[in-house]
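Colleague: Heads up: the sequence shown begins at 924 in the numbering used here, then just goes up one per residue. Every residue gets a Cβ at the ideal spot worked out from N, C-alpha and C, and that includes glycine. Given the structure is predicted, the values throughout are model-derived calculations rather than measurements.
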Amino acid sequence: MFAFYYRIIKKTVIILYIILFLLTANSVFAGGMNKDFEANVKKIINKAMQDSTAWEQLAYLCDTFGPRPSGSESLNKALMWMKGEMQKDGLENVKAEEAYVPHWVRGREFCELVKPRKEQLHMIGLGGSIATPPEGITAPLLIVNSFEELKARAKEAKGKIVLFNKPWMGYGDAVQFRFNGAVYAAEAGAVASLIRSCSPIGMQNPHTGVMGYNDTIPKIPNAAISLEDAEMLERMEKRGQNPVVHLYMEAKTLPDVKSYNVMGEIKGSERPGEIIVVGGHTDCWDPGLGAQDDGGGAISAWKAVKLLKDLGIKPKCTIRAVMFVNEENGTKGGKAYAVDHKNDNTKLMFEFDSGVFEPQSIGFSGSDAQMETVKGFEPYLKILDDSISVVKGGWGVDISPLAKQNNIPVMSLGTNDEGKYFWYHHSATDTPDKVNPAVMNKCIAAIAISLYLYSETK
Ligand SMILES: [Zn+2]
């Protein structure tokens, strides 16, 4: 009889214990700071700020391998170098997983003003564009500021080169013209499409980026020209000087190429089967060296994991740094990762692809309860910099295929670029000198703190 009651009491105690455990699992992030967490966060910050190797490796990557467009030999060489460095860093389970990526090559290209006078314009072909015929295209311009204006003036577009000269109103606005301009221009009967470069500043520095075609509408060549050239051409048109340009492009799309997502991890001390993914992308556009977009972001993610390892902070779950390939024109790396890791128990996906500037926010997308927990990271992040806050809305192009497919919470680091990120992005000026080594270390610390604290949550 006593044994019977004893069993009931024992069961009840176990159930109560489980309920209590579930209720308090994340409450460590409610209220004040936990002393152990605070001590580890301070260790993370101290070590991150003393270490200069992250920026040096970024500079080595950029200088040694050069531009890393998807499908290029230089990108694959850079990826193998990253794999070797991850092994040297002592990360576990280092590997390169295959992903087939698009291979667009620019070839020779130029754009010149032929009337009312001759001048080389500052141009760059847009990623994915077709070539012009071998003799190039010579045509007068139709200059518009919006798709609505093109629609209203569609009758004038036939046989012309349409130039979308839309003043900068943010990247989201500008990118519509880069991505869809050739489709709208071709639909109206144009023979080629030009856009004013997607950037708030000019300095005769045109920016490239991915563009799209629609299979039901003829494909026409598509390029960007500098802000200054676009403005000059519009002034000429308004004066009735009827500018004529000659566009020459050899661009072509070759068959897809085998490339890789490179990754390495530190094994979780208590729940190694639970995985936190943190990454950035390794490919970049060809005019620059991809320091800000996104070599700096990718290396920061990787070095945040190394930092936790070097400090001997043993996260409870596994933290895997993933250097995703082909963010810029296809997300083939992110998509391959979603296939290869669909059965993983992924607890969180973190991406850093917003420019290596002063850390400003940790963005998070997840349930309200998870958001509440992550909000509790704020006091720890403020030890690094009082201006960092936790905000709603994590994002990342590379992580989104698996995150959407498996409904995984998403986190990202937002930075305060003071408007400068789009000065460099996708242009020849995206080089390591644009990344401040101390600021990069702060970004690494912010990522490491967030990963460590998240690994402490249930
Ligand atoms: Zn990017």
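What are the start and end residues of the beta strand (DSSP E) that includes Pro-1324?
Modeller: Position 401 of the sequence shown, counted from the start, is the residue given in the question as residue 1324. No beta strand (DSSP E) holds Pro-1324; the alpha helix (DSSP H) holding it covers 1323-1329.
Colleague: Decide if Thr-1352 is buried, meaning its Cβ has at least 16 other Cβ atoms within 10 Å, or exposed.
Modeller: What you label residue 1352 is simply residue 429 of the sequence shown in a count that begins at 1. It counts as buried.
Colleague: What does the alpha-carbon distance come out to for the pair Lys-1190 and Tyr-1375?
Modeller: Translated into positions along the sequence shown, residue 1190 becomes position 267. Translated into positions along the sequence shown, residue 1375 becomes position 452. C-alpha separation (whole angstroms): 13 Å.
Colleague: Quick one: Cα of Trp-1208 to Cα of Tyr-1183, how far?
Modeller: Counted from its first residue, the sequence shown places residue 1208 at position 285. Counted from its first residue, the sequence shown places residue 1183 at position 260. Looking at the two C-alpha atoms, the distance is approximately 17 Å.
Colleague: Below 8 Å on the Cβ atoms is my contact criterion, and I expect Gly-1202 with Ala-1259 to pass it. Report the Cβ-Cβ distance as a whole number of Å.
Modeller: Along the sequence shown, read from residue 1 onward, the residue named residue 1202 stands at position 279. Along the sequence shown, read from residue 1 onward, the residue named residue 1259 stands at position 336. In fact, because the Cβ distance is near 13 Å, the residues do not count as touching under 8 Å.
Colleague: Can you find the residues in the same chain that come closer than 8 Å, C-beta to C-beta, to Trp-874, ignoring five residues on each side of it along the sequence?
Modeller: One cannot answer for residue 874 here, as it falls past the ends of the chain, which runs 924 to 1381.
Colleague: Helix or strand or just coil, what does DSSP make of Gly-1211?
Modeller: Here residue 1211 corresponds to residue number 288 of the sequence shown, with the count starting at 1. Gly-1211: coil per DSSP, three-state reduction.
Colleague: Note down the Cα distance separating Asn-1016 from Lys-1265, rounded to an integer number of angstroms.
Modeller: Counting from 1 along the sequence shown, the entry for residue 1016 is found at position 93. Counting from 1 along the sequence shown, the entry for residue 1265 is found at position 342. Whole-angstrom Cα-Cα distance: 18 Å.
Colleague: For a test of the three-state rule: what should DSSP assign to Ala-1054, helix, strand or coil?
Modeller: Taking the sequence shown and counting its residues from 1, the one referred to as residue 1054 is at position 131. Reduced to three states, the DSSP call for Ala-1054 is coil.
Colleague: Tell me the rounded alpha-carbon separation between Leu-946 and Arg-991.
Modeller: Numbered from its first residue, the sequence shown carries residue 946 at position 23. Numbered from its first residue, the sequence shown carries residue 991 at position 68. In this prediction, Leu-946 scores a pLDDT of 47, lower than 50, which makes its location untrustworthy; the coordinate-derived value is nonetheless stated afterwards. Cα to Cα, Leu-946 sits roughly 48 Å from Arg-991.
Colleague: Nearest-angstrom Cα distance between Met-1294 and Thr-1205?
Modeller: As a working note, residue 1294 is residue 371 in the sequence shown. As a working note, residue 1205 is residue 282 in the sequence shown. So the alpha carbons of these two residues sit roughly 29 Å apart.
Colleague: If you measure from the CB of Glu-1250, is any heavy atom of ligand 1 nearer than 7 Å?
Modeller: As a working note, residue 1250 is residue 327 in the sequence shown. Checking every heavy atom of ligand 1 against the Cβ of Glu-1250, one is found closer than 7 Å.
Colleague: Label Leu-904 either buried or exposed according to how many other C-beta atoms from any shown protein chain fall within 10 Å of its C-beta, with 16 as the threshold for buried.
Modeller: Shown here, the chain extends from 924 to 1381; a query on residue 904 therefore has no answer.
Colleague: If we count Cβ pairs, one from each stretch, closer than 8 Å, do we get three or more for the stretch 1162-1169 versus the stretch 1128-1135?
Modeller: no
Colleague: Using 7 Å as the cut-off, classify the Cβ of His-1204 as near or not near the heavy atoms of ligand 1, replying yes or no.
Modeller: Translated into positions along the sequence shown, residue 1204 becomes position 281. Yes, Cβ of His-1204 sits closer than 7 Å to a heavy atom of ligand 1.
Colleague: Closer than 5 Å from C-beta to any heavy atom of ligand 1: which residues, in chain order?
Modeller: These are the residues, in chain order, with a beta carbon less than 5 Å from any non-hydrogen atom of ligand 1: Asp-1216, Asp-1217, Asp-1276.
Colleague: Is Gly-1082 buried or exposed, if buried means 16 or more other CB atoms sit within 10 Å of its CB?
Modeller: Within the sequence shown, the letter at position 159 stands for residue 1082. When all chains shown are included, Gly-1082 counts as exposed.
Colleague: Can you check whether the CB of Lys-1237 is closer than 8 Å to the CB of Ser-1288?
Modeller: Along the sequence shown, read from residue 1 onward, the residue named residue 1288 stands at position 365. Along the sequence shown, read from residue 1 onward, the residue named residue 1237 stands at position 314. No, Cβ-Cβ distance for Ser-1288 and Lys-1237 is not below 8 Å.
Colleague: Could you check what DSSP says for Ala-1146 in three-state terms: helix, strand or coil?
Modeller: Against the sequence shown, residue 1146 aligns to sequence position 223. Strand at Ala-1146.
Colleague: Can you list, in chain order, the stretches of the beta strand (DSSP E) that have 3 or more residues and sit fully within the stretch 1237-1276?
Modeller: Scanning the stretch 1237-1276 from its first residue to its last, the whole beta strand (DSSP E) runs of 3-plus residues come out as 1240-1247, 1268-1274.
Colleague: Identify whether Ile-1118 lies in helix, strand or coil by the three-state DSSP scheme.
Modeller: Your numbering for residue 1118 matches position 195 in the sequence shown. It is a strand residue.
Colleague: Going by alpha carbons, who is nearest to Ala-977 out of Lys-1381, Gly-1299, Val-1228, Gly-1319?
Modeller: As a first step, residue 977 is located in the sequence shown; it is residue number 54 there, counting from the start. Ranking Lys-1381, Gly-1299, Val-1228, Gly-1319 by Cα distance to Ala-977 puts Val-1228 first.
Colleague: Any idea if Glu-1071 is buried or exposed, counting beta-carbon neighbours within 10 angstroms, 16 or more meaning buried?
Modeller: What you label residue 1071 is simply residue 148 of the sequence shown in a count that begins at 1. Exposed, because fewer than 16 other Cβ atoms sit within 10 Å of the Cβ of Glu-1071.
Colleague: According to DSSP, is Tyr-1136 part of a helix, a strand, or is it coil?
Modeller: Looking up residue 1136 in the sequence shown gives position 213. Three-state result, Tyr-1136: coil.
Colleague: How is Ser-907 classed by DSSP in three states: helix, strand or coil?
Modeller: A question about residue 907 goes unanswered here, because the residues of the chain that appear run from 924 up to 1381.
Colleague: Which residue's Cα is closest to the Cα of Asp-1340: Asn-1359, Asp-1291, Leu-1002?
Modeller: Taking the first residue of the sequence shown as 1, we reach residue 1340 at position 417. Among Asn-1359, Asp-1291, Leu-1002, the Cα nearest to that of Asp-1340 belongs to Asn-1359.
Colleague: Ignore the nearest five residues each way along the sequence and tell me which others in Leu-1336's own chain have a CB closer than 7 Å to its CB.
Modeller: For this step, residue 1336 is matched to residue 413 along the sequence shown. Counting only Cβ-Cβ distances below 7 Å, and skipping sequence neighbours, we find Phe-1275, Ser-1277, Pro-1282, Ile-1285, Cys-1366, Ala-1369, Ile-1370.
Colleague: Below 8 Å between beta carbons: does that hold for Asp-1233 and Lys-970?
Modeller: Taking the sequence shown and counting its residues from 1, the one referred to as residue 1233 is at position 310. Taking the sequence shown and counting its residues from 1, the one referred to as residue 970 is at position 47. Cβ atoms of Asp-1233 and Lys-970: closer than 8 Å.
Colleague: State the beta-bridge partners of Glu-1035 as determined by DSSP.
Modeller: For this step, residue 1035 is matched to residue 112 along the sequence shown. Glu-1035 is bridged to Gln-1043, His-1169.
Colleague: Are Ala-1174 and Ser-1052 closer than 8 Å when you measure CB to CB?
Modeller: The residue labelled residue 1174 in the question sits at position 251 within the sequence shown. The residue labelled residue 1052 in the question sits at position 129 within the sequence shown. It is a contact, given that the beta carbons lie within the stated cut-off.
Colleague: Could you check where the alpha helix (DSSP H) with Asn-1339 kicks off and where it finishes?
Modeller: For the purposes of this step, residue 1339 is identified with residue 416 of the sequence shown, where counting begins at 1. Unbroken run through Asn-1339 is the beta strand (DSSP E), 1333-1339; no alpha helix (DSSP H).
Colleague: Do Tyr-1094 and Phe-1345 come within 8 Å of each other at the CB atom, strictly closer than that value?
Modeller: Mapped onto the sequence shown, residue 1345 falls at position 422. Mapped onto the sequence shown, residue 1094 falls at position 171. Taking 8 Å as the Cβ cut-off, Phe-1345 and Tyr-1094 qualify as a contacting pair.
Colleague: Taking all protein chains shown into account, do 16 or more other C-beta atoms lie within 10 angstroms of the C-beta of Asn-1364, making it buried, or fewer, making it exposed?
Modeller: Translated into the one-based positions of the sequence shown, residue 1364 becomes position 441. Buried.
Colleague: In terms of residue numbering, what span does the beta strand (DSSP E) encompassing Thr-916 cover?
Modeller: No answer is possible for residue 916: it lies beyond the span of the chain, which begins at 924 and ends at 1381.
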